[in-house]
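Before any comments, here is the structure.
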Amino acid sequence: MNDAAPATTPAPAPRRARVRAPELIGKGGWINTGGKDLKLADFRGRTLILDFWTFCCINCLHVLDELRELEEKHRDTVVIIGVHSPKFVHEAEHQAVVDAVERYQVHHPVLDDPELATWKQYAVRAWPTLVVIDPEGYVVAQHAGEGHAHAIEKLVEELEAAHAAKGTLRRGDGPYVAPEPVATDLRFPGKAVLLPSGNFLVSDSTRNQLVELEPDGESVVRRIGDGRFNEPQGLALLPDGRVAVADTVNHAIRAYDPESGGIETIAGTGRQWWQGSPTSGPALEVALSSPWDLAWWDDRLWIAMAGVHQLWSYDPVAGTVEVAAGTTNEGLVDGPAAEAWFAQPSGLAATEERLWIADSETSAVRWIDRDLVVHTAVGTGLFDFGHRDGAADQALLQHPLGVTALPDGSVAISDTYNHALRRFDPATGEVTTLATDVREPSGAVLVGDDIVVVESARHRLTRLRLPEEAVRVEAVAHRTRRAATEVAPGTLRLDVVFQAPAGQKLDTRYGPSTRLLVSSTPPELLRDGDGAGSDLSRELEIDPAVTEGVLHVSAMAASCDDDPANEYPACHVHQQDWGVPVRVSSDGVSRLPLVLAGMDEA
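Here my numbering is used: the first residue of the sequence shown is 9, the next is one more, and so on.
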């Protein structure tokens, strides 16, 4: 059943045959189980939640945080299993998944599924997707995107009650086995900045602190934080001598004073920004979403707001924040800042005339000029990546997280998933490789003739001499492992499936409670059906002359407690962005269902 008419309360879904959950299979094996392989039968009697995620995906990281309270509250009846389903080639490396599980403090078992076997078995179409399996092993719900924790908790409580009464609920400890801690001075550091003293300040992300190091980049001077930070990332020197800190999981910007040791919140409420929230105003009254990096440019602090695919700015004189570029749509579109699309911007570097951007999910390097127009230097879209040097329009990166401006006007690129330091020279239009075998570089700092790289997966800073000549590497190009959906030319019925959680209804008090935005890459793929609307179903017209592309679908639905006696019902926003690779074929499907919440009954 599909809520295609937002002005009415959804009819109850018709009864359908129960679907037995497919077995969990993954060539990479299990993580966080003490070496034990798990099967679905091991979870019989518990409610099982499968979290299909990939560690490049900021929305997946948001869902990890959303699930923590549920995981703790129902520890004896619920088991959460992460199913790691890679987008990038690097994410199919087992050690990289092991690192990510520690980096993001995942405290439940994770199945490493590099070939997307379990993803395919469960017909998943988006990162993140949550699938709920009841204590008898049947699939009872599916949710894509963020904002579903409240609905899943209600379902969990219903399942607990029903199966306790039925005698099919089994309580007890879960299968999670914590890994042995490792002693290192840094643990998955994120970014670094050079202080006026010559020392380095590093965001020690996994340990939720900042660390000041001596000029050798190794000797610890002090550790800063004491519970104040949560996975901090970007750092930027402010004109007043303080250091701005992107406190990523706290959705805030802090200011740290190296002289006094004081820490002050300068932007953010501590809550995550959602569609419909204010996009400008007093800095401490506007919510942010996973700020990842910072740079001082044009008398403002610029914020790479990875969580909503935008750039924001903070004006310290006025004490305000506002959206500076991007629409919240995920993709690669250049042009005036207000119309541009980004995809998880994660690195910033300022020069006099340009603000450089590492746009990680499109494997791109971009910049904004003084006229606030966005340009792309390297990168083509969400699903093309690799390691290829040469002319920028042909060169390939793989999920870069950092950019560093060099004195000659070029920019060094922390090409994270290629374990490389790359360089783009605007004068020649060429991309070269400066260094290889730097493990997941996430940022770099220029120090004289050297560049100091944050080698995140080796838990250290690494000093390199900038070479006069680039390193030669064998070119490789990749497409995402995710299979394209074959669609028929002509009319394609798009159905975004949304069923309001039990006890809730669509919130129509102030107009339509649903929103659907559709576009495509290339734009010519869609003859008709693009644009925004409130109906969650739409007929698209596919051009048979375009053989393949990507459908970009963004959906949102707001639901509230269905209690007429409650004057102030609790309301929740459910949202997801899909990038669906498609191939046009005469044998393709004529209907494309995307599940936002519920089950596809068609």
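Here a beta-carbon is modelled for each residue, glycine too, at the ideal position from N, C-alpha and C.
Can you give me the C-alpha to C-alpha distance between residue i and residue j, rounded to a whole angstrom?
| i | j | result |
| --- | --- | --- |
| VAL27 | VAL558 | 30 angstroms |
| LYS7 | GLY276 | This structure cannot settle anything about residue 7, because the visible part of the chain is limited to 9 through 610. |
| THR16 | THR388 | Because the pLDDT of THR16 is 39, which lies under 50, any placement of that residue in the model is unreliable, and the number read from its coordinates should be weighed accordingly. THR16 and THR388: Cα-Cα distance of roughly 41 angstroms. |
| VAL592 | ALA366 | 32 angstroms |
| LEU6 | GLU80 | With the chain covering only 9 through 610, there is no way to say anything about residue 6. |
| ALA252 | SER542 | 39 angstroms |
| TRP364 | ALA351 | 14 angstroms |
| GLU188 | ASP212 | 19 angstroms |
| THR522 | GLU226 | 52 angstroms |
| ASP342 | PRO589 | 21 angstroms |
| GLY1 | ILE141 | Since the first residue of the chain shown is 9 and the last is 610, residue 1 is not available in this structure. |
| ALA169 | GLU161 | 12 angstroms |
| THR412 | THR529 | 30 angstroms |
| VAL97 | PRO577 | 45 angstroms |
| LEU296 | PRO353 | 14 angstroms |
| ARG599 | HIS560 | 16 angstroms |
| ASN207 | VAL603 | 50 angstroms |
| ARG250 | GLY235 | 19 angstroms |
| PRO18 | HIS158 | Note on PRO18: pLDDT 41, under 50, position unreliable in the model; no value is reported. |
| PRO20 | ALA149 | Annotation note: pLDDT 42 at PRO20 (below 50); position unreliable, coordinate value reported separately. Cα to Cα, PRO20 sits roughly 14 angstroms from ALA149. |
| LEU203 | ARG195 | 21 angstroms |
| PHE391 | SER288 | 32 angstroms |
| ALA100 | PRO94 | 6 angstroms |
| HIS259 | LYS174 | 43 angstroms |
| PRO415 | GLU476 | 13 angstroms |
| ASP433 | VAL419 | 7 angstroms |
Ignore the nearest five residues each way along the sequence and tell me which others in residue i's own chain have a CB closer than 6 angstroms to its CB.
| i | result |
| --- | --- |
| ASP255 | PHE237, PRO240 and ARG262 |
| HIS151 | LEU138 and ALA605 |
| GLY153 | GLN583 and GLN584 |
| VAL325 | none |
| VAL109 | ILE39 and VAL118 |
| CYS65 | TRP135 |
Excluding the 5 residues flanking residue i on each side, which residues of the same chain have their C-beta closer than 7 angstroms to its C-beta?
| i | result |
| --- | --- |
| ASP608 | VAL505 and PRO601 |
| ALA428 | HIS395, THR441, ALA443, THR444 and VAL446 |
| ARG230 | GLU220 |
| ALA332 | TRP310, LEU319, TRP320, SER321 and ALA345 |
| ARG179 | ASP84 and THR85 |
| GLY596 | GLU494, VAL495 and ALA496 |
| GLY537 | VAL526, ARG546, GLU547, LEU548 and GLU549 |
| ASP571 | PRO577 |
| GLU361 | ASP377 and ARG378 |
| ARG279 | HIS259 and ALA295 |
Do residue j and residue i have their beta-carbon atoms positioned less than 8 angstroms apart in this structure?
| i | j | result |
| --- | --- | --- |
| GLY334 | TRP349 | yes |
| ASP423 | GLN402 | no |
| ALA580 | SER562 | Inspection of the sequence shows that residue 580 is occupied by His rather than by Ala. It is not a contact, given that the beta carbons lie outside the stated cut-off. |
| ASN337 | LEU525 | yes |
| GLU532 | VAL554 | yes |
| LEU404 | THR370 | no |
| GLY511 | ASP569 | yes |
| VAL105 | ASP120 | yes |
| SER298 | GLY270 | no |
| LEU514 | ALA508 | yes |
| VAL386 | ALA372 | yes |
| GLY242 | TRP300 | yes |
| HIS467 | PHE393 | no |
| VAL114 | LEU72 | yes |
| GLY233 | PRO290 | no |
| LEU75 | ASP50 | no |
Since residue i and residue j are thought to touch, with beta carbons under 8 angstroms apart, how far apart are those beta carbons, to the nearest angstrom?
| i | j | result |
| --- | --- | --- |
| CYS68 | TRP135 | 5 angstroms |
| GLY37 | PRO143 | With a Cβ gap of about 25 angstroms, GLY37 and PRO143 do not count as contacting. |
| ALA452 | GLY410 | 6 angstroms |
| VAL462 | PRO449 | 6 angstroms |
| VAL190 | ASN40 | At roughly 15 angstroms, the Cβ-Cβ gap does not stay under 8 angstroms, so VAL190 and ASN40 are not in contact. |
| PRO197 | VAL87 | Their Cβ separation, rounded to whole angstroms, is 32 angstroms, which puts PRO197 and VAL87 out of contact at 8 angstroms. |
| LEU380 | ALA312 | That pair is no contact at about 16 angstroms. |
| LEU469 | ASP457 | Contact doesn't hold; Cβ gap of about 16 angstroms is too wide. |
| ILE89 | PRO122 | So it is not a contact: roughly 16 angstroms between Cβ atoms. |
| LEU218 | TYR264 | 7 angstroms |
Leaving out the 5 sequence neighbours to the left and right, which residues in its chain are closer than 8 angstroms to residue i when beta-carbon positions are compared?
| i | result |
| --- | --- |
| TYR146 | ARG26, VAL27, ARG28 and ALA29 |
| SER594 | ALA496 and PRO497 |
| ALA478 | ASP397, ARG431, THR440, THR441 and LEU442 |
Any beta strand (DSSP E) of 3 or more consecutive residues that is wholly inside the stretch 26-113: Counting only runs of at least 3 residues, the stretch 26-113 fully encloses the following beta strand (DSSP E) elements, listed from N- to C-terminal order: 37-39, 55-61 and 86-92.
Whole runs of the beta strand (DSSP E) within the stretch 417-492, excluding any shorter than 3 residues: Complete beta strand (DSSP E) runs here, min 3: 419-423, 428-433, 438-444, 449-455, 458-463, 468-473 and 484-487.
If you scan the stretch 487-550 from start to end, which runs of the beta strand (DSSP E) of 3 or more residues do you find wholly inside it? Runs of the beta strand (DSSP E) inside the stretch 487-550: 493-495, 498-506, 512-514, 522-529, 534-536, 539-541 and 545-550.
Could you tell me which whole beta strand (DSSP E) segments of length 3 or greater appear in the stretch 247-275? As far as the stretch 247-275 is concerned, its whole beta strand (DSSP E) runs of at least 3 residues are 251-255, 260-264 and 271-275.
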